[in-house]
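2 protein chains.
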Amino acid sequence: MQPTQDILSEELKQTARFAKALSHPIRLAILELLNSQACCFHGDMAEILPVAKSTLSQHLKELKNAGLIQGNISSPTIKYCINRENFEQAKQLLSSALK
Amino acid sequence: MQPTQDILSEELKQTARFAKALSHPIRLAILELLNSQACCFHGDMAEILPVAKSTLSQHLKELKNAGLIQGNISSPTIKYCINRENFEQAKQLLSSALK
DNA sequence: ATCTTCAATCGTATTTTTACGAATTGCGAA
DNA sequence: TTCGCAATTCGTAAAAATACGATTGAAGAT
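These protein sequence lines are chains L and B, in that order.
Read in order, the letters of the first sequence are residues 339 to 437 in the working numbering.
Read in order, the letters of the second sequence are residues 339 to 437 in the working numbering.
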C-alpha cells in the first residue's frame, strides 16, 4: 500500500475543481455575462437566465467557492465580477490538461 | 414564455459536457496517461490508478461518451487513445469560455 | 421603528455521480 | 469444447448536484 501516490496530484485535483465549476450550462452563461460586462447583478441575471433565483444563488455560490467569481456589495444589490487571477489559473490548468 | 431562449446555446451545452468529462481527477489522470502514451490499456491503468476496475470502466465510458477517447480492440486487451478531433474541440471551446 | 427590496439560505425532492464486488461477456488458447 | 483472461455490465449503496418555493437576513428608505 503506497502512501497516496500522486498520480492524483494537487494540480490535477485543482483542475478538476475548476472543470466542475464549468460543467453546468447556467454557470458558463453566468461567466459569459460577467465576462462581457453585459451584466453584473444577481437580479439582472435572474431575469435573463431560465432558473429560479434560489437556484441562481446556488450556482453563484459554486462559482464563488471555485474562486472564479467574487461578489461586491453595492447596496441594495450585489455586483458580481470575474476573479481574474483564478480565472487565468483555470484557463492555464485546463489548457495544460488538454495539451 | 419565450421559445427556449438561447442564452443556453448548443455551444455552451457542449462546453459544459466537455467540462463535466474533465471534472474528475481520475478522468484527468486517464487523459494524462493516454496523452503521454505512457499507457493505453485498461489493465495497465487499473494498476496505476487508485480505483477498482469496474470504476475505471465507468470513467472510461464517460470519457468515451463525451467523445474524448476511443477504444480499439487489440485482443485480448483494448487499446485506448485520445480522440484528437474532439480533444481539440474541447480545448477550443473551453479556452473560448475562459477568454 | 417599520417597511421594502434584494439576495442568500433553508427545507425538501429528484436525479445524477461515484464507488465497489459479483456476475457476465467475448475471444483466443489449450 | 472448455478454460482463462480482459473488460464491461449489473446490482446496489452512499454521496453530491440540481431545482424549486418559502423563509430569513441585511440594509436603506419612509
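Built from N, CA and C at the ideal position, the CB exists for glycine as well.
Treat the numbers as computed from the prediction; the structure is a model and nothing was measured.
By alpha-carbon positions, which one of the options ends up nearest to residue i?
i	options	result
residue 347 of chain B	L:344, L:359, L:366, L:355	L:366
residue 412 of chain L	L:437, L:363, L:379, L:355	L:379
residue 370 of chain L	B:353, B:394, B:429, B:424	B:353
residue 377 of chain B	B:405, B:415, B:359	B:415
residue 423 of chain B	B:356, B:345, B:386	B:356
Starting from residue i, follow the beta strand (DSSP E) in both directions and report where the run begins and ends.
i	result
residue 412 of chain L	407-412
residue 417 of chain L	415-420
Does DSSP put residue i in a helix, in a strand, or in coil?
i	result
residue 429 of chain B	helix
residue 351 of chain L	helix
residue 437 of chain L	coil
residue 376 of chain B	coil
Just the chain B side, please: which residues come within less than 8 Å of residue i by C-beta, in chain order?
i	result
residue 395 of chain L	Per Cβ cutoff of 8 Å: no residues; residue 395 of chain L is ~18 Å from chain B at best.
residue 407 of chain L	Those do not exist, as residue 407 of chain L stays about 13 Å from chain B at its closest Cβ, beyond 8 Å.
Identify the contact partners of residue i in chain L, using a Cβ-Cβ distance below 7 Å as the criterion.
i	result
residue 429 of chain B	433, 436
residue 361 of chain B	354, 357, 358, 361
Would you give the residue range spanned by the alpha helix (DSSP H) that residue i belongs to?
i	result
residue 345 of chain B	From DSSP, residue 345 of chain B is part of no alpha helix (DSSP H); its letter is neither H nor E.
residue 318 of chain B	This structure leaves residue 318 of chain B out entirely; chain B is present only between 339 and 437.
residue 384 of chain B	380-386
residue 404 of chain L	391-404
Give the interface partners of residue i over in chain L, defined as CB-CB distance under 9 Å, in chain order.
i	result
residue 367 of chain B	345, 346, 347, 350
residue 425 of chain B	436
Along chain B, which residues have their Cβ under 7 Å away from the Cβ of residue i?
i	result
residue 387 of chain L	345
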